[in-house]
Amino acid sequence: MAWTTAAAQAAEPWLNETLIDAARMATDPQEATRLYLSAVSLSRVSQTKSEALSGYIEEVGSFAVKTVYCLSLLAFGVLWRLRDRVARMSSRWPVQITIFWCVYWGFLVIMLFPFEFFRFWFLDRISQRIETGWPRWTQGYLTGQVLPGLAGLVGMILLYALIRRARKGWWLISWAASTLLLAAILFLSPWLQRKSVKVSQNPMLLTIARQLARESGLGRIQVLERADVGPQGRIGASFTGWLGTTSIIVNQASLVRCNEDELRFIIAHETGHLILHHAWAWLAMQSGVLLAFFASTAFVLRFAAARWAVTGIKGPGDVAGLPLLHLCLVVVTFASGPLLNSLARYGENQADHFALEVTRLPDAAASVFLKLSESRDLEPSRVVEAVFFGHPSGRTRIQRAMEWKAQHGQERNSN
Ligand SMILES: [Zn+2]
């Protein structure tokens, strides 16, 4: 059955349709890839490159500021002095941790403010990505810190209660409990996102999804739609949930800005994630990072208590060790980033390959990758792609689609 969408006719103004048509006709994968890549307007390329650069600055800068903050507190023995002062104010440890955390969190927010201001207000303002004035931005930034601060306080009280009770095995119990919590969040994620997603009633979307689920042996499939963000929503889709709640979420903009073949490829890609059990893989990777975090924290806290006198840390249950715990979190998260990204890219490549095999639509795939490049750097350097990219770059994905096309011949015409 042929469906038409408003989208199929509404060309993207920043894409050169003549070059895309030429790319579809090209038989050499390198030539076809080059033509596809050159179809994006230069202004769009420079815009996504500058946005991407801001993202890298944010990631590296935030790591550097937090590391310096934690190391300074440890080296100057600030926190054991604070611990002793707080202990004189109250003998109840939950009260001590609350006071301690408020001071710690408050100073961290102040320390991070110049950097966050530069990254999220100044850079975005000069690039005309936001129109908000600095007083309103600052107010929004500070109120945005309240909820993470409260969540951190609850986490701290639970963690220190566990350390005091379990003593040596606290890190193993913490790892098991946090993995279970993560699994529960993944299981509940369609429900947790219920305000921004709804069960799809779109006949075209449902027909394509059910057909792909049947063909690939997935069986029943839940399809959700995500409401657009901003005046012109971004295209995209994702999978969410785990075990019985697994679902595909399609951005509503994808229904307006993609034609049927492109939509088929997008849904097939997400179906690939489900068929290949990528929710399990994601959970295993996150659990591995949590294990690295808790094990390294237990080790360095013991080490500091025994051999690093300037920190004044008495043992794992001492709140003066909070910067060390925080430092382990920052370092493990930052160091595991490239590894997690390369595993994620591997999974994305698998899902792309699955989608090409079931849809046999390499040119629709290339067109989707181009449209996705409105918000992603299409051609990053190889090093940047290896370190920062959780998806292969548009260039890599288009090239693989064109190589698939060269090996398997012309795509089918489903319209
Ligand atoms: Zn994917």
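For the sequence shown, the residue numbers in our numbering are 364 to 778.
Ideal Cβ positions, reconstructed from N, Cα and C, are used throughout, including at glycine.
Worksheet entry | Nearest-angstrom Cα separation, counted from residue 392 out to residue 852 | Since the first residue shown for the chain is 364 and the last is 778, residue 852 is missing from the structure and cannot be characterised.
Comparing alpha-carbon positions, which option in 671, 498, 688, 750 lies nearest residue 701? The candidate whose alpha carbon is nearest that of residue 701 is 750.
Just how far apart, CA to CA, sit residue 380 and residue 604?
One C-alpha to the other measures close to 37 Å.
Exercise for the section: Please state whether DSSP places residue 590 in a helix, a strand or coil. Expected result: coil
(request) Can you tell me which of the three DSSP states residue 676 falls into? (result) coil
Handout entry: Those runs of the alpha helix (DSSP H) which lie wholly inside the stretch 708-745 and span at least 4 residues
Key = 725-735
Exercise for review: Evaluate contact between the stretch 708-716 and the stretch 632-640, counting only Cβ atoms and requiring at least three cross-stretch pairs below 8 Å.
Suggested key: yes
Next on the checklist: Less than 7 Å between C-beta atoms, sequence neighbours within five positions excluded: which residues of the same chain meet that for residue 525?
Outcome noted: 533, 536, 537
### Query
By the 10 Å Cβ neighbour count, where 16 or more other Cβ atoms means buried, how is residue 493 classified, buried or exposed?
exposed
Kindly identify the DSSP beta-bridge partner or partners of residue 611.
-> 586, 602
>> Suppose the cutoff is 7 Å on Cβ atoms and the five residues either side in sequence are ignored; what does the same chain contact list for residue 721 look like?
In response: 575, 578, 579, 631
*Could you name the residues of the same chain whose beta carbon sits closer than 6 Å to that of residue 649, not counting the 5 residues immediately before and after it, in chain order?*
545
*Do you know offhand how far residue 402's Cα is from residue 485's?*
31 Å
Say the cut is 8 Å; is the CB of residue 490 nearer than that to a heavy atom of ligand 1?
Closer than 8 Å to some heavy atom of ligand 1: that does not describe the Cβ of residue 490.
| task | Please indicate yes or no: does the CB of residue 479 lie closer than 8 Å to some heavy atom of ligand 1? | result | no
Legend entry - Span separating the alpha-carbon of residue 612 from that of residue 409: 30 Å
Consult DSSP for residue 639 and reduce its assignment to one of helix, strand or coil. coil
Notebook entry, point to check: If you draw a straight line from the alpha carbon of residue 542 to that of residue 608, how long is it in whole angstroms?
Noted result: 18 Å
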